[in-house]
Amino acid sequence: MGKIVNLAKLCQEFFGETANNLSITTGFIKRQRKITGSAFLKAIVFGNMSDSNCSLDGMRNFLSEETIDISAQGLDFRFTEVAVKFMQSMYEQCLKLFRNTMPLDCNILQQFNSVKLLDSSHIILPANMADKV
Numbered sequence: 138m139g140k141i142v143n144l145a146k147l148c149q150e151f152f153g154e155t156a157n158n159l160s161i162t163t164g165f166i167k168r169q170r171k172i173t174g175s176a177f178l179k180a181i182v183f184g185n186m187s188d189s190n191c192s193l194d195g196m197r198n199f200l201s202e203e204t205i206d207i208s209a210q211g212l213d214f215r216f217t218e219v220a221v222k223f224m225q226s227m228y229e230q231c232l233k234l235f236r237n238t239m240p241l242d243c244n245i246l247q248q249f250n251s252v253k254l255l256d257s258s259h260i261i262l263p264a265n266m267a268d269k270v
C-alpha cells in the first residue's frame, strides 16, 4: 500500500507544483492568468485519456470543471512553440520521476530474442498526387 500512496503523492506533485514551476521556467506562463501550467497539462493529458481525439471544446469542458472559463480561441492561442517546450519539459520530468518509482524488471524480457512490429499506418494522399503512386 505504501507504493500506491507514494505514487499518488508523486502524481499530485507532478500535475500540480511541478507543472506550475516548469510552466514559468519555460516561459509558457509569464504572469498570473486564468489558466495555469497545471490546468493546461491536465486538460491535455486527461482530456485525451477520455477522448483520444479531444477537441478544444473537450479541453474547455475539462477546464470548466477546474473552474477555468476560457474561450476556444483563447485556448487555441495557447498552443505555441513555448507550449511545446513546456510539454516537452513535462515529458522529460515525467520520465525522470517515474522511471525510478516504477522500475521494469528487465529479467522478464530475457526470454525474448526479438520484437516484431506490424505497421498498420494508412496514409491518404491528396488527389493531385494520385498519378505519383
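The sequence shown runs 138 to 270 under our numbering. Using N, Cα and C, we set each Cβ at its ideal position, and we do this for glycine too.
According to DSSP, is residue i part of a helix, a strand, or is it coil?
i      : result
Val182 : helix
Ser258 : coil
Val142 : helix
Glu208 : The amino acid at residue 208 is misidentified as Glu; the sequence shows Ser. If DSSP states are grouped into helix, strand and coil, Ser208 belongs with coil.
Glu154 : helix
Glu203 : coil
Gln169 : coil
Thr163 : coil
Lys88  : Outside the shown range of the chain (138 to 270) lies residue 88, about which nothing can therefore be said.
Tell me, to the nearest whole angstrom, how far the beta carbon of residue i is from that of residue j; I am working on the premise that it is less than 8 Å.
i      : j      : result
Asp194 : Ala176 : Not quite, the Cβ-Cβ distance comes to about 16 Å (not below 8 Å), so this is no contact.
Leu274 : Leu232 : The structure shown does not extend to residue 274, since the chain is modelled only from 138 to 270, so the question has no answer here.
Ile207 : Lys171 : 6 Å
Ile181 : Gly174 : About 11 Å separates the two Cβ atoms, so there is no contact after all.
Phe199 : Gly211 : Phe199 to Gly211, Cβ: 14 Å. No contact.
Under a Cβ-count criterion, where at least 16 other Cβ atoms within 10 Å of its own Cβ denotes burial, should residue i be classed as buried or exposed?
i      : result
Phe214 : exposed
Ser160 : buried
Met196 : buried
Phe249 : exposed
Phe152 : buried
Met224 : buried
How long is the line joining the alpha carbons of residue i and residue j, rounded to whole angstroms?
i      : j      : result
Ser192 : Gln247 : 42 Å
Arg236 : Leu255 : 27 Å
Asp188 : Met266 : 32 Å
Ile245 : Glu202 : 42 Å
Asn143 : Glu154 : 16 Å
Asn190 : Phe216 : 16 Å
Ile260 : Lys140 : 43 Å
Thinking C-beta only, is residue j closer than 8 Å to residue i?
i      : j      : result
Ala156 : Met227 : yes
Val219 : Thr163 : yes
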